[in-house]
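Enquirer: Just dropping this structure here.
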Amino acid sequence: MPEVTIFNEVNGAEIKTMDANRYATKKTIAQGMLDIALLTANASQLKYILHVGKQHQFYTLMLTLISLSIVLQILSGILSLSLSLFRDCRLDQPEFHQSANALNHVRTAFAFFTTMINVFISAFDSRLPSPTE
């Protein structure tokens with residue numbers, strides 16, 4: 001859908017409306033960059049935990065949560081790729097809409113659980129100053 005230019009009847013000024021495709025593309029790129037940033041942060045946290053080792057107060061919990069977060073992010077990325085390929089190949093056919101919606105819902109659930117896991121990771125991160133300091 002191309003960008004549409006509308007002229008204001010009162011003062012003759014141009015008003016440009018939003019191009020939905022351009023917005024969706026920018027949104028997808030921004031989401032991808034945030035996903036990469038989160039994966040990078042998790043990799044850094046994993047490196048820190050493995051470096052500190054069992055001396056970390058919550059070693060096992062942090063190792064489990066960070067690993068689970070990375071796995072969910074990878075699975076979410078695979079689902080995103082499959083949805084993209086699905087869209088390019090068969091999504092114009094109505095019989096594939098239901099399975100594409102199911103994949104999208106699963107990917108959304110993975111994103112939600114990844115977010116919740118990272119909230120817990122932040123809560124147990126000992127590199128942050130404690131509230132009493």
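If you're matching positions, the sequence shown starts at 1 in the UniProt record's numbering and goes up one per residue. For each residue, glycine too, the CB sits at the ideal point set by N, CA and C. Quick caveat: nothing in here was measured; it's all calculated off a predicted structure.
Which residues mark the beginning and the end of the alpha helix (DSSP H) in which His105 is found?
Expert: 97-123
Enquirer: Specify the secondary structure class of Asp35 as computed by DSSP and reduced to three states.
Expert: DSSP places Asp35 in the helix class (H, G or I) of the three-state scheme.
Enquirer: Could you give the distance in angstroms between the alpha-carbon of Thr40 and the alpha-carbon of Arg22?
Expert: 27 Å
Enquirer: Using CA coordinates, which residue listed in Asp19, Tyr48, Ala24, Gly32 is at the minimum distance from Ser80?
Expert: Gly32
Enquirer: Label Met62 either buried or exposed according to how many other C-beta atoms from any shown protein chain fall within 10 Å of its C-beta, with 16 as the threshold for buried.
Expert: buried
Enquirer: So, using beta-carbon positions, are Leu46 and Ile70 closer together than 9 Å?
Expert: yes
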